[in-house]
Amino acid sequence: MTSTAQPLLNVRPLLSVRDVTMAFPGKRRGRDPVRAVDGISFDVAAGETLGLVGESGCGKSTTGRMIVRLLEPTTGSITFDGHDISHLSQRELKPLRRELQMVFQDPHSSLNPRQTVARIISDPLLAQGSSSTDARKRAAELMDLVGLIPEHIDRYPHEFSGGQAQRIGIARSLATSPRLVVADEPVSALDVSVQAQIVNLMERLQQELGLAYLFIAHDLSVVKRVCDRVAVMYLGRIVEIGDKERVYAAPAHPYTRALLSAVPLPDPAAERARERITLLGDPPSPAAPPPGCTFHPRCTKAQSICRTEAPLLRIATPGEPREVACHFPEAA
Numbered sequence: 021m022t023s024t025a026q027p028l029l030n031v032r033p034l035l036s037v038r039d040v041t042m043a044f045p046g047k048r049r050g051r052d053p054v055r056a057v058d059g060i061s062f063d064v065a066a067g068e069t070l071g072l073v074g075e076s077g078c079g080k081s082t083t084g085r086m087i088v089r090l091l092e093p094t095t096g097s098i099t100f101d102g103h104d105i106s107h108l109s110q111r112e113l114k115p116l117r118r119e120l121q122m123v124f125q126d127p128h129s130s131l132n133p134r135q136t137v138a139r140i141i142s143d144p145l146l147a148q149g150s151s152s153t154d155a156r157k158r159a160a161e162l163m164d165l166v167g168l169i170p171e172h173i174d175r176y177p178h179e180f181s182g183g184q185a186q187r188i189g190i191a192r193s194l195a196t197s198p199r200l201v202v203a204d205e206p207v208s209a210l211d212v213s214v215q216a217q218i219v220n221l222m223e224r225l226q227q228e229l230g231l232a233y234l235f236i237a238h239d240l241s242v243v244k245r246v247c248d249r250v251a252v253m254y255l256g257r258i259v260e261i262g263d264k265e266r267v268y269a270a271p272a273h274p275y276t277r278a279l280l281s282a283v284p285l286p287d288p289a290a291e292r293a294r295e296r297i298t299l300l301g302d303p304p305s306p307a308a309p310p311p312g313c314t315f316h317p318r319c320t321k322a323q324s325i326c327r328t329e330a331p332l333l334r335i336a337t338p339g340e341p342r343e344v345a346c347h348f349p350e351a352a
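Numbering (my numbering), first residue to last: 21 to 352.
The structure is reproduced here in C-alpha cells:
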C-alpha cells in the first residue's frame, strides 16, 4: 500500500522512511512473498521520540531492523540525515553506522556471553578504528553514564541482572555517539520494577545527549510516557500516526481505539465505566492478508468498501498533524 503521508514536521527530519516494504520468500516454492512490512512512511526529527506500536507480528521490529540496516528493504527509501541508506553496501554504510544504533529486546541474548563488558561496549568503537586503550576508556565512561560500576568492566554478562544487562546494551549503543537509537521493546523482557528505571535512564540520556529514538513497544502506557508522537501498525501497515496527546485522547482508527481501551486506568471508577472494545478473532496471516482494508475482518464498523479498497494514510482533520488509514475514521 502506498501512503500519501507528508512530513508532519516543520524541519527536515533526521530520518525519513518512504513507502518501505519488506518481503520475505514464501515457505513453499512458488508461493507469493510474505510482506512483513507493506509500504510504510514516517519521519523522525532530531531529538524526538516516535513510538511504534502494535500487536506481535505486525512488522514493527522488522521496521527497526531495516532502519539500522540489519535488513535491506525490498522497496522504498530510508533516508538518514539526507543520505539514502536503503541499499548501501556495508562498506558504504560504515561512515553512517556510528550515527545509527539499536537496543535489543532481550538484554542477555543480545550480549556475547564469552565477551567481557569492556569488549562488548568497545566493539563498535574498535570497528570504527579506535585504539583498544581509547575504546576501553570510553567503555568505562559509558558504564558510569548508564549507572553501572566502571570497576565491573571485566565481568561477563551472566554476572549481571536483566536490568543491568540492558544498561550494558544501552551503553554499547551509545559508544559511537549516535544521533538516532532504535529501541526494540527495550523494557518488555524486564521485571516491572526495573522497567521504570530503564525508561528513566533513556529519558535522561535523551535530554543529556540530544538523542532521537524510534521506540518500538506493545505497552501503550510506556509509549505514552516517553514518546512525542505515535505510529500504530497493523499487519505491516501504519494505520494511524500523529501527536501523542491527540492519538491517546481521541484515536481515529478503530484498531487504535481497541488497543487503548485495553490499557488499564489508575482510577477504578473510570476503569469500570469506560467502554471496552473487543477485537473479533485473531490477526490474519501476513502470508494471506485479506483484500481491501486488512483490518476489516476484525472491525465492527466495516462496510463493503472496506472489503475491496485499501484506505490510504491521510490527514484525519485539516490542520491537525495526524494521519489515519480508515474509510470511516472516528471524529476528533
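Don't be surprised by glycine CBs; every beta carbon is placed ideally from N, CA and C.
Can you list, in chain order, the residues of its chain whose CB lies under 6 Å from that of residue i, leaving out five sequence neighbours each side?
{"i": "Ala-351", "result": "none"}
{"i": "Arg-296", "result": "Ser-281"}
{"i": "Pro-274", "result": "Cys-319 and Lys-321"}
{"i": "Ile-335", "result": "Glu-343"}
{"i": "Arg-51", "result": "none"}
{"i": "Ser-36", "result": "Asp-63 and Thr-99"}
Does residue i pass the burial test, meaning 16 or more other C-beta atoms within 10 Å, or should it be called exposed?
{"i": "Arg-187", "result": "buried"}
{"i": "Val-267", "result": "buried"}
{"i": "Leu-90", "result": "exposed"}
{"i": "Arg-85", "result": "buried"}
{"i": "Leu-194", "result": "buried"}
{"i": "Arg-134", "result": "exposed"}
{"i": "Gln-110", "result": "exposed"}
{"i": "Thr-328", "result": "exposed"}
{"i": "Gln-125", "result": "buried"}
{"i": "Val-57", "result": "buried"}
Which residues bound the beta strand (DSSP E) around residue i?
{"i": "Ile-218", "result": "First-last for Ile-218: 212-229, but that is the alpha helix (DSSP H), not the beta strand (DSSP E)."}
{"i": "Gly-59", "result": "54-64"}
{"i": "Glu-119", "result": "First-last for Glu-119: undefined, no H or E at that position."}
{"i": "Tyr-233", "result": "232-237"}
{"i": "Glu-343", "result": "342-344"}
{"i": "Tyr-254", "result": "249-254"}
{"i": "Thr-82", "result": "Here Thr-82 belongs to no beta strand (DSSP E); instead the alpha helix (DSSP H) covers 80-87."}
{"i": "Val-73", "result": "69-73"}
{"i": "Leu-240", "result": "No beta strand (DSSP E) holds Leu-240; the alpha helix (DSSP H) holding it covers 240-246."}
{"i": "Gly-96", "result": "95-100"}
{"i": "Ser-36", "result": "35-44"}
Return yes when the Cβ of residue j is within less than 8 Å of the Cβ of residue i, no when it is not.
{"i": "Arg-156", "j": "Ala-185", "result": "no"}
{"i": "Pro-198", "j": "Leu-108", "result": "no"}
{"i": "Pro-311", "j": "Arg-55", "result": "no"}
{"i": "Ile-190", "j": "Val-207", "result": "no"}
{"i": "Gly-182", "j": "Leu-210", "result": "yes"}
{"i": "Val-383", "j": "Met-122", "result": "Outside the shown range of the chain (21 to 352) lies residue 383, about which nothing can therefore be said."}
{"i": "Leu-162", "j": "Ile-140", "result": "no"}
Taking 8 Å as the threshold (beta carbon to beta carbon), is residue i in contact with chain D?
{"i": "Ile-188", "result": "Looking at the structure shown, chain D is missing, and only one protein chain is on hand."}
Determine the extent of the alpha helix (DSSP H) in which residue i is found, giving its start and end residues.
{"i": "Asp-143", "result": "137-147"}
{"i": "Asp-154", "result": "152-165"}
{"i": "Val-207", "result": "Unbroken run through Val-207: none, as it is neither H nor E."}
{"i": "Ile-188", "result": "182-194"}
{"i": "Ala-278", "result": "274-281"}
{"i": "Ala-269", "result": "264-269"}
Could you name the residues of the same chain whose beta carbon sits closer than 7 Å to that of residue i, not counting the 5 residues immediately before and after it, in chain order?
{"i": "Leu-299", "result": "Ala-278 and Arg-318"}
Once the 5 residues before and after residue i are set aside, which same chain residues still bring their CB inside 8 Å of it?
{"i": "Pro-304", "result": "Leu-255, Pro-310, Thr-314 and Pro-317"}
{"i": "Leu-113", "result": "Arg-89 and Ile-105"}
{"i": "Thr-136", "result": "Ile-173, Asp-174, Arg-175 and Tyr-176"}
**Item:** Inter-stretch contact at 8 Å, needing at least 3 Cβ pairs: the stretch 249-260 / the stretch 73-80
**Value:** yes
**Request:** Would you check if the stretch 211-231 and the stretch 63-73 touch, i.e. whether three or more CB-CB distances between them fall below 8 Å?
**Result:** yes
**Message:** Count Cβ pairs between the stretch 35-47 and the stretch 93-107 that sit closer than 8 Å; are there 3 or more?
**Reply:** yes
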